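Okay, so here's the structure we're looking at.
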Amino acid sequence: MRLVVNTDGGSRGNPGEAGYGFVIRGEDGRVVAERGGHLGHTTNNVAEYTAVLAALELIAESGADVDVEVRADSRLIVEQLSGRWKIKNSALQALALRVKRALDPERVRYVWVPRAQNADADALANAAMDTRADVARGGLEGLGGVPVAHVAAAREAEYDAVDDVSPVTPDPVADVAAPEVPWPAKLRRKPSGALFHFGSEAPVTLVFVRHGETAMTEANGFSGGSEPGPPLSARGREQAGRVAALLERVGELWRDVAAPSAIWASPMVRTQETAAAIGELLGLAVETEEDLREVDFGRWQGLTSWEINDQFPGRLEAWYSAADVAAPDGESPSQVEDRVVRVARRALAERAGETVVLVCHSAVTKVGVSSLVGLPPESWQVVRVPPASVSIVRVWPDARELVVAGLPSELAEEPEPPLTLF
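Numbering (my numbering), first residue to last: 1 to 422.
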């Protein structure tokens, strides 16, 4: 017998008010049981893990002789519980251990599904958060079998160390401590068209995200790093939600890239709001990084491009055409480059093997991407970055790869064709 379980969890604030939900269906697709649980104040990841744990414990209590397919829209949950990604958070390690003890891992398979295919579980999680109460409909009593409450205790010796949560063979992309991978194995894993890197070091993947639109964006005004700046507009907030959905698929769209594990954001209001939307969906805390603030436009602050051109004839064209020309009383692109390079060096030192989301600005992304991939300083304007777009650069100590530049978040809902692998 086979059961299909859709699970989901959420946290409003991350950490914040949290809940989980799951739906259990039989082989014929009929709903057998539904549960929603209120968890109080915790993180999104804890809620996601708890959903899986509660579902497997309910199945184990029934004593049914079944195989289980767990479906979740969290890539982190699927990859970690499948043993392909290492679990570094101690709270999640403990929960993963309980998941393994709940039901024989050999009988459980984890599958990622798009959020649209997980709506029922999501609705139960939200109902639990809305009402701050548990939801329970249906049960597994009719499935038959012998109660298996003793199973967890019988497997205690097998899983008596939290370290067992880590995969036996670490992924060299997700785990920086992994041993060097032989070249034939690297070739088999490398997506078609990706950079050939001959060293053994793990790269850091930098995902530059430009913030969503603001009133200044729509008016073509210069809004720099000297002021906290305007908040996101209504359209900007929608864009932030879409770019968050796009980032959730990073590990799916680029299979040699780890899912994001950190979010660093400029201190400006618009970037903090964009980063908050991303962090809520990905279950990650947002760290403020001062070096990601927008270029200081000095006396151009608040002006439109045509107003600048009228008041400072020829200066705007020079600023766009060279890296060492500063706005009056402001910054030059070269000064911005110095800041972005510091961020990249820090990321490589602290986050090798991981993916770091950098929520920043148009000029910061243009300068950062062009600099990191080795374009001449005066060419920083060649990179187009729409609001709420994604640009990805992979950084090794001795190499760089531009994965994508200026990918619009509007594509988040579009299906992506499968990658061709070696």
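Built from N, CA and C at the ideal position, the CB exists for glycine as well.
Owing to the predicted nature of the structure, the values given are computational and were not obtained by experimental measurement.
Original post:
DSSP on V390, reduced to helix/strand/coil?
Top reply: Note: V390 maps to strand in three-state DSSP.
Original post:
Below 8 Å, can you find three or more Cβ-Cβ pairs linking the segment 202-210 to the segment 229-236?
Top reply: Contact fails: fewer than three Cβ-Cβ distances are below 8 Å.
Original post:
By Cβ distance below 6 Å, which residues in the same chain neighbour M1 in space, the five residues on each side in sequence not counted?
Top reply: So the qualifying residues of the chain are V66.
**OP:** To the nearest angstrom, report how far apart R255 and G83 are at their CA atoms.
**Re:** Distance between the alpha carbons of R255 and G83 is about 16 Å.
Original post:
Can we say the segment 206-216 touches the segment 311-331, given the rule of at least three CB pairs closer than 8 Å?
Top reply: Judged by Cβ distances under 8 Å, the segment 206-216 makes no contact with the segment 311-331, as fewer than three pairs qualify.
Subject >> Three-state class that DSSP yields for N118 in the structure shown >> reply: Shown here, N118 sits in a helix according to DSSP, grouped into three states.
**OP:** Below 8 Å CB to CB, which residues in the same chain sit around R107 once its five sequence neighbours on both sides are set aside?
**Re:** Cβ within range, chain order: V66, D67 and V68.
**OP:** Report the three-state DSSP secondary structure of P505 (helix, strand or coil).
**Re:** The question about residue 505 has no answer here: the residues shown for the chain are numbered 1 through 422.
Subject >> Distance between V99 and D134 (C-alpha atoms, nearest Å) >> reply: Rounded to the nearest angstrom, the two C-alpha atoms are 20 Å apart.
**OP:** Specify whether the segment 299-307 and the segment 269-288 touch according to this definition: at least 3 beta carbon pairs, one from each stretch, less than 8 Å apart.
**Re:** No, they do not touch.
Original post:
What is the rounded straight-line gap between the Cα of I77 and the Cα of M268?
Top reply: I77 and M268 have their C-alpha atoms some 31 Å from each other.
**OP:** Have a look at D296, D310, P260 and G298 and flag the residue whose alpha-carbon is nearest the alpha-carbon of V286.
**Re:** With distances taken between Cα atoms, V286 lies closest to P260.
**OP:** Any chance you could list the alpha helix (DSSP H) runs of at least 4 consecutive residues sitting entirely within the segment 340-383, in chain order?
**Re:** DSSP runs (the alpha helix (DSSP H)) wholly in the segment 340-383: 362-372.
Subject >> Three-state class that DSSP yields for P328 in the structure shown >> reply: Of the three classes helix, strand and coil, the one that applies to P328 here is coil, per DSSP.
Original post:
Which residues mark the beginning and the end of the beta strand (DSSP E) in which N6 is found?
Top reply: First-last of the beta strand (DSSP E) with N6: R2 to R12.
Subject >> Residue(s) in a DSSP beta bridge with F208 >> reply: DSSP lists L358 and S391 as the bridge partner or partners of F208.
Original post:
Bridge partners of A18, per DSSP?
Top reply: Under DSSP, A18 forms a beta bridge with S11 and G40.
Original post:
In or out: L398 buried (at least 16 other Cβ within 10 Å) or exposed?
Top reply: Residue identity check: residue 398 is Asp in the sequence provided, not Leu. Residue environment analysis places D398 among the exposed positions, since fewer than 16 neighbouring C-beta atoms fall within 10 angstroms of its C-beta.
Original post:
Among W380, E238 and V359, which has the Cα closest to the Cα of G279?
Top reply: Ranked by how close their Cα comes to the Cα of G279, the residues W380, E238 and V359 have V359 in first place.
Original post:
How about A128 and G40: are their beta carbons less than 8 Å apart?
Top reply: No. Outside cutoff.
Original post:
Between the C-alpha atoms of S362 and G374, what's the straight-line distance to the nearest angstrom?
Top reply: Looking at the two C-alpha atoms, the distance is approximately 18 Å.
Original post:
In chain order, what residues of the same chain have a beta carbon less than 8 Å from the beta carbon of I308, not counting five sequence neighbours either side?
Top reply: Counting only residues of its own chain and dropping the five nearest sequence neighbours on each side, I308 has a CB closer than 8 Å to the CB of F222, W300, R315 and L316.
Original post:
Just curious, the beta strand (DSSP E) that V68 is in, first and last residue?
Top reply: That run of the beta strand (DSSP E) goes D67 to A72.
Original post:
Would a C-beta distance cut-off of 8 Å place D73 and R35 closer than the cut-off?
Top reply: Taking 8 Å as the Cβ cut-off, D73 and R35 do not qualify as a contacting pair.
**OP:** Would you kindly report the start and end of the unbroken alpha helix (DSSP H) that includes R235?
**Re:** From DSSP, the alpha helix (DSSP H) with R235 extends over A234 to L247.
**OP:** Between the Cα of P191 and those of E227, G251 and R345, spot the shortest distance and give me the residue it belongs to.
**Re:** Selected option, being the one with the closest Cα: G251.
Original post:
Given a threshold of 16 other Cβ atoms within 10 Å of its Cβ, counted over all protein chains shown, does Q80 qualify as buried or as exposed?
Top reply: Around the beta carbon of Q80, a 10 Å sphere encloses 16 or more other beta carbons of the protein chains shown; the residue is thus reported as buried.
**OP:** Would you check if the distance between the CB atom of V32 and the CB atom of G138 is smaller than 8 Å?
**Re:** At a Cβ-Cβ threshold of 8 Å, V32 and G138 count as neighbours.
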